[in-house]
Structure formats: C-alpha cells, structure tokens
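Here is the structure we will look at, set down as structure tokens.
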Amino acid sequence: MSFQLREAILQNVSNHTPEQLEATIQDAVESGEEKMLPGLGVLFEVFWQHANDSDKDKVVQEISSGLQA
C-alpha cells in the first residue's frame, strides 16, 4: 500500500467520533467490497500500534477463532 493511500485514509477518518468510526467499519464489513480492505487495514494498523499485549492477544485469538468457524 502506498504511503499516500494510508495518509489519505487517516486524514478521512481523523476527526471521526467513536460512533462514526464504528459505522465506517461496519459499513466496510457489510458491503464486502474489496476496495474497502485497504481502509480496514489502515484502521487495524492504528489499533495494533496503540494496543497493549493483552489486547493484541485477544484480537489474534478472535481472528483465529473466526477463521476456524
């Protein structure tokens, strides 16, 4: 992913409230459109960079469980 795309995504959501971010994520997931994947990836990257080890472990376990379903 190019740096410009990452920055554009971050700029587009930088002033969103938690509710707006949730709606953005929900919309991206529900739409199933591949063009939304880079944005979700950038948001996940932000989470990962700021999460503590316990939160990271929880997310990894949830993803692993979801992949097994």
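Oh and the sequence shown: position 3 is 3 in full-length UniProt numbering, straight run, nothing missing. Here a beta-carbon is modelled for each residue, glycine too, at the ideal position from N, C-alpha and C.
Q: Determine the direct distance from the alpha carbon of Phe44 to that of Asp55, and round the result to whole angstroms.
A: 12 Å
Q) Between Gln61 and Phe3, what straight-line distance do the alpha-carbon atoms span, to the nearest angstrom? A) 29 Å
**Q.** Nonlocal neighbours in the same chain, by C-beta distance under 7 Å from Leu21, ignoring five residues either side
**A.** Val13
(Q) Measuring straight from C-alpha to C-alpha, what distance separates Ala8 and Asp57? (A) 29 Å
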